[in-house]
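The numbers in the sequence shown follow my numbering, run straight up by one, and end at 335. One structure is given below, encoded as structure tokens.
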Amino acid sequence: MPFCNFYFVSIFFILFFTFMTFVAYIKYNGNINKILWIENSQTLKLKEFHVSKNQEKRINQLQLFCLSKPKIDFLKFIRSRENKGHFYVSHEKKLLYCSVPKIASTNWKRVVLLLEGKVKSLTENAKDTIHTIPQTRLFSLISKGEVNHVLKNYLKFFITRHPFERLVSAYRNKFADNNTYFERLFGVPILRMHRANLTNTEYESGKGVTFNEFVHWLIERNVFDAHWAPVYSLCSPCIIPFNFIGKMETLVEDSEEILSLIGAKNIHFPANLTDGYKISSKKLMYDLFSTISGDTIQKLYKMYEADFVAFNYKIPEKLFYN
């Protein structure tokens, strides 16, 4: 009799485990276009977009990552001051874009402006003026009801990039290229932290910050600007129900897929409008990371761990052997 009880109990647990495994498989490997994204007590039944298999894998990876994150009050989040500045919306094409600096953000702003009829062509404005043109911002301007409508019915996307490659891109653009604003805002405290023998004039110029000095300041002081803050912190992808994740590594094809999904097939992403650097960001990453230690690289990884895990990036082993 005890043996029979043990037998039936064993069968029950085997069946229960099999059922739970099947549920998990359906939840994470089913058609991503039919997933219901739950934000606390609010369930958003998202409009279906027939995205590529590549997109299904990226969204699945993100959702697995988000399971470990605490729930956040959704409506409180979207009204918070710090989350108003990165979201752009085209009501004309039902598109929501989270803009991330140093990941083709200027060119995608050009596209959004063109979709909204605020510019006549993608080449109409110089790079410096693109960021000053008034745009429709989602969370700071529209009502609660409109927010829900956008989240349910619009294509919502952002673009990622290898965290270390983006970091060196930000350093080159804001420090190596002698950006006076960033030199005075961040270069001055970095120099004061690392160098004890400069004149007041040299300190106040903020010029000449090395990559090594920049990353050690970043690690010790934990100061983030939007140009090097993690994508995860800027776009909050575990709160906003994004249904498309682009990558810098596949920027053109991802951008063309987005434009096709929203019915803007006559517009093509302006891949030819680049910064024109002769040295690629990838090569620069290897060059600059050769100036810092393996221990420093590991500390940087911890600072950007969410981006590495959520968007499936790895640290190239070559970085540790330069």
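Here a beta-carbon is modelled for each residue, glycine too, at the ideal position from N, C-alpha and C.
Taking residue i as the reference, which of the options has the closest Cα?
i: F257; options: N120, K60, F171 and S134; result: F171
i: V181; options: I271, E61, K115 and K60; result: K115
i: H63; options: L127, V322 and E270; result: E270
i: K165; options: F255, N191 and H240; result: F255
i: H175; options: Y216, V125 and Y245; result: Y245
i: N279; options: L127, L247, V160 and L109; result: L127
i: N120; options: D288, Y326, F333 and S303; result: D288
i: N192; options: P243, S218 and L108; result: S218
i: D267; options: E233, K157 and T173; result: T173
i: K296; options: F188, P243 and E178; result: E178
i: K260; options: F324, L109 and R234; result: F324
i: F333; options: T263, V222, F302 and K315; result: F302
i: A284; options: T263, S294, A319 and G130; result: T263
i: K220; options: W241, R197 and H207; result: R197
i: A239; options: E318, F195 and L77; result: F195
i: A117; options: V265, S293 and H104; result: V265
Distance, Cα to Cα, residue i vs residue j?
i: H99; j: K122; result: 11 Å
i: I253; j: F282; result: 24 Å
i: T309; j: P329; result: 15 Å
i: M298; j: N225; result: 12 Å
i: E69; j: A209; result: 52 Å
i: T212; j: R205; result: 10 Å
i: K66; j: E215; result: 53 Å
i: P83; j: K291; result: 43 Å
i: K157; j: Y167; result: 15 Å
i: V160; j: I85; result: 17 Å
i: F227; j: I305; result: 11 Å
i: D320; j: Y326; result: 7 Å
i: L77; j: R185; result: 34 Å
i: I72; j: A277; result: 23 Å
i: V163; j: V322; result: 28 Å
i: G307; j: L272; result: 41 Å
i: W230; j: H207; result: 8 Å
i: E129; j: L80; result: 36 Å
i: I294; j: D300; result: A small fix is needed here, since residue 294 is Ser in this sequence, not Ile. Rounded to the nearest angstrom, the two C-alpha atoms are 10 Å apart.
i: K187; j: H104; result: 33 Å
i: R234; j: L286; result: 35 Å
For a test of the three-state rule: what should DSSP assign to residue i, helix, strand or coil?
i: K107; result: coil
i: Y317; result: coil
i: T173; result: strand
i: L4; result: The chain is shown from 14 up to 335; residue 4 falls before or after that span and cannot be answered.
i: G307; result: helix
i: I258; result: strand
i: L127; result: helix
i: L180; result: helix
i: L168; result: strand
i: Y216; result: helix
i: G289; result: coil
i: G200; result: helix
i: D238; result: coil
i: D300; result: helix
i: Y245; result: helix
i: R94; result: Per-residue confidence for R94 stands at a pLDDT of 49, beneath the threshold of 50, marking its modelled position as unreliable; the derived number appears in the next sentence. In the structure shown, R94 sits in a helix (DSSP, three-state: H, G or I).
i: N192; result: coil
i: K84; result: coil
i: E226; result: helix
i: T252; result: The amino acid at residue 252 is misidentified as Thr; the sequence shows Ile. Of the three classes helix, strand and coil, the one that applies to I252 here is coil, per DSSP.
How about residue i and residue j: are their beta carbons less than 8 Å apart?
i: K133; j: I275; result: no
i: L75; j: P250; result: yes
i: V113; j: L247; result: yes
i: L135; j: V124; result: yes
i: W241; j: A183; result: yes
i: P243; j: Y317; result: yes
i: L109; j: K60; result: no
i: V236; j: G200; result: no
i: I232; j: K312; result: yes
Taking the DSSP output, what are the residues bridged to residue i?
i: V102; result: L109
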